[in-house]
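>
Protein chains: 2
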Amino acid sequence: MTRADWREQKKAATRRAIQEHALRLFLAKGYEATTVEEIAAAAGVSHMTFFRHFPRKEAVVESDDYDPLLAELIAARPAGEDPLTAIHRAVHHALAAVLPEDRETVLVRTRLVLGTPALRARQWQNQDATRDLFATELARREGVAETDLRLRVLAAAALAAVTTAITTWADGDGTADLVALVDEAFAALGVPVDHAVRR
Amino acid sequence: MTRADWREQKKAATRRAIQEHALRLFLAKGYEATTVEEIAAAAGVSHMTFFRHFPRKEAVVESDDYDPLLAELIAARPAGEDPLTAIHRAVHHALAAVLPEDRETVLVRTRLVLGTPALRARQWQNQDATRDLFATELARREGVAETDLRLRVLAAAALAAVTTAITTWADGDGTADLVALVDEAFAALGVPVDHAVRR
DNA sequence: ACTAACGTGTTAGCGACTAACATAAAGGAG
DNA sequence: CTCCTTTATGTTAGTCGCTAACACGTTAGT
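Taken in order, these protein sequences are the chains called A and B.
If you want our numbering, it's the 1-based position in the first sequence plus 7.
If you want our numbering, it's the 1-based position in the second sequence plus 7.
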């Protein structure tokens, strides 16, 4: 077996080309007004190649999955910590790891998603997975079944807080501090802000 | 002007026929496997007539909008009441008004929606509207702007509680008490259960 | 009775997506 | 080096949701 496969590079290059042309066209003329055929043509491939790399048109916009990172961070929280606080701190750390690098990218893509019904529908589906992940991690921490209603509600509420903060951030002019908005959102759920959390 | 318009009756009959045949077919062979053309044929109309009555295929399943009722009920809550408590009580009353009549219908349709990605996507969109309605009503009660982050988070959390309760209910064998599940869900958010609420 | 309004049908077309089959080029086995 | 398999891509044709344009007939008010 060869691991230096140059085919992988070519395939990855095609994928990147499709994605870049797609995002460029979406921002230029809108998501709905941009045809898969147009994207494929711009990237110099056929529409079948598009669908081999991205199973649906929306997939080309879906962001990288931060769920594994979040799962780790929640699992790393101290055992006795309140569920909402645990998720709050985990999100805190995740944002600290992601934002400095990807802030602008995340902002642009979030705005595109929020402004496009078809993309929002997909995002809700992804959030469902994140909510289940929150619930699963919380249940493991407390050693109860993952069907526990209390923890499922807290997981959903925590995600609602994060989502509300991000939406507020993306709806604004972009100068707001997302981390501060997340703190404020969790504070609304009764989670005290920890000013010593930055390290 | 005639108000006994018999055309309205005929139109309503066609609409009802389409809806009934659609739900029957969806339950029999699944939503995706049922074609609009099939539904139209079963109802004895053309596919265009289907789309004149229901703008999208999913619309045939979307439940009646309970938002106006909820808006009223929230507005009727006493001014000093905690936001989550206000929504909790409003939902309580709404369920008391709806469940005795439509319990079975709601259960069947909820299960269909939960098991069909395309329908879930639509439902999320409707929930977005409900969440905004919660936030707007809460903001009016407290006399603040409806962009207030704290109230938007609480509205989203409250809706998450309701949704989690309904999902748990529909996932079970149907013998569970939805009202009790809603109470439990709000209790997880720190809202005390009021045993004197039934009147 | 004439005419405007309205519910419906017909036809044609677009765009997302899939399946079947073809092709060309790279990698490995002998 | 040659044969054969693998793999990324192309071609073509089709399904399905959905829309637009236009025609037709029945009903409702003048």
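All residues carry an ideal CB built from backbone N, CA and C; glycine is no exception.
Taking 6 Å as the limit between beta carbons, can you name the residues of its chain near B:PHE33, skipping five residues before and five after?
THR41
> Evaluate the contact criterion for the region 161-174 of chain B versus the region 120-137 of chain B: three or more CB pairs, one atom per stretch, below 8 Å.
yes
> Counting only C-beta atoms, is A:ARG63 closer than 8 Å to chain B at any point?
Answer no: the Cβ-Cβ gap between A:ARG63 and chain B never drops below 8 Å.
> A:GLU144: buried (16+ other C-beta within 10 angstroms of its C-beta) or exposed?
A:GLU144 counts as buried, since no fewer than 16 other beta carbons sit within 10 angstroms of its beta carbon.
> Which stretch, first to last residue, makes up the alpha helix (DSSP H) that contains A:ALA149?
This sequence places Glu at residue 149 of chain A; Ala is not what is there. Residues 124-149.
> Report the neighbours of A:VAL200 on chain B: residues whose CB is nearer than 9 Å to its CB, in chain order.
Going along chain B, no residue has its Cβ under 9 Å from A:VAL200, so there is no contact; the nearest lies around 13 Å.
> Out of A:ALA82, A:ARG127, A:ARG23, A:ASP71, point me to the one whose CA is closest to A:VAL52's CA.
A:ARG23
> Buried or exposed: B:ARG14, going by 16 or more other Cβ atoms within 10 Å of its Cβ?
exposed
> Roughly how many angstroms separate the alpha carbons of A:LYS64 and B:ALA128, rounded to a whole number?
16 Å
> Kindly list, in the order they appear in chain B, the residues whose Cβ is closer than 7 Å to that of A:ARG159.
THR171
> Pick out whichever of B:LEU196, B:THR174, B:ALA50, B:THR21 has its Cα sitting closest to the Cα of B:LEU114.
B:THR174
> Would a check of beta-carbon distances place B:LEU126 closer than 8 Å to chain A?
Any Cβ of chain A closer than 8 Å to the Cβ of B:LEU126 would place that residue at the interface, and such an atom is absent.
> Are B:VAL68 and B:VAL120 touching if we call contact CB-CB under 8 Å?
For the pair B:VAL68 and B:VAL120, the CB atoms are nearer than the 8 Å cut-off.
> Roughly how many angstroms separate the alpha carbons of B:ALA195 and B:ALA48, rounded to a whole number?
Between the alpha carbons of B:ALA195 and B:ALA48 lies a gap of roughly 49 Å.
> Would you mind reading off the limits of the alpha helix (DSSP H) that contains A:VAL115?
90-121
> Nearest by alpha-carbon distance to A:PHE57: which of A:HIS28, A:THR92, A:GLU108 is it?
That would be A:HIS28, whose Cα lies nearest to the Cα of A:PHE57.
> Mind pulling the chain A residues with CB within less than 9 Å of B:LEU185?
In chain order: nothing, as chain A lies at least about 12 Å away.
> Pick from A:THR21, A:GLU149, A:ALA165: whose alpha carbon is nearest that of B:LEU161?
A:ALA165
> Starting from A:GLU27, trace the alpha helix (DSSP H) both ways and give me its first and last residue.
Unbroken alpha helix (DSSP H) run through A:GLU27: 13-36.
> Going by the beta-carbon positions, is the gap between B:GLU3 and B:HIS54 smaller than 8 Å?
Outside the shown range of chain B, which is 8 to 206, sits residue 3 of chain B, and nothing can be said about it.
> Taking B:THR112 as the reference, which of B:ALA78, B:ARG84, B:GLY181 has the closest Cα?
B:GLY181
> Going by Cα to Cα distance, which pick from B:GLY197, B:GLU149, B:ALA177, B:ASN133 is closest to B:GLU88?
B:GLU149
> With a threshold of 8 Å between beta-carbons, can B:PHE152 be considered close to chain A, or not?
It should be noted that the sequence gives Ala, not Phe, for residue 152 of chain B. Taking a beta-carbon distance threshold of 8 Å, B:ALA152 does not count as an interface residue toward chain A.
> Strictly below 8 Å CB to CB, what residues from chain A border B:LEU77?
For B:LEU77, no chain A residue has a Cβ inside 8 Å of its Cβ, as the nearest lies near 17 Å away.
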